[in-house]
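Q: Here's a structure for you.
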């Protein structure tokens, strides 16, 4: 079972790593960190940056990632 408090702390650690200009990069960094946990086999991350540009209420990104461990197992390999 995944502890959401632990996930929150891991996300905070990524955020504490310094300023990231692109929400896409931030989403990928968070995904990489969370997928290091072998209990997480798939995730979806959605980030929004309100008022990033004047012409829109905000900008954002949504990504889905599958653990590499799961991809290998699904191909019939066990290593």
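Residue numbers (the numbering used here): 2 to 80.
Positions of the beta carbon are idealized from the N, C-alpha and C atoms, including for glycine.
Cβ of residue 11 within 8 Å of Cβ of residue 34?
A: Here residue 11 is taken as the residue at index 10 of the chain shown, counted from 1. Here residue 34 is taken as the residue at index 33 of the chain shown, counted from 1. Contact flag set, yes.
Q: Tell me the DSSP secondary structure of residue 65 in three-state form.
A: The residue given as residue 65 occupies position 64 in the chain shown. Reduced to three states, the DSSP call for residue 65 is strand.
Q: Quick check on this structure: which residue in 39, 40, 50 and 38 has the alpha carbon closest to the alpha carbon of residue 28?
A: Within the chain shown, the letter at position 27 stands for residue 28. The residue with the shortest Cα to Cα distance from residue 28 is 50.
Q: For the beta strand (DSSP E) holding residue 49, just list the boundary residues, first then last.
A: On the chain shown, residue 49 is found 48 positions in, with the first residue counted as 1. Its beta strand (DSSP E) spans residues 43–51.
Q: Under the DSSP definition of a beta bridge, which residues are partnered with residue 60?
A: Translated into the one-based positions of the chain shown, residue 60 becomes position 59. Answer is 50.
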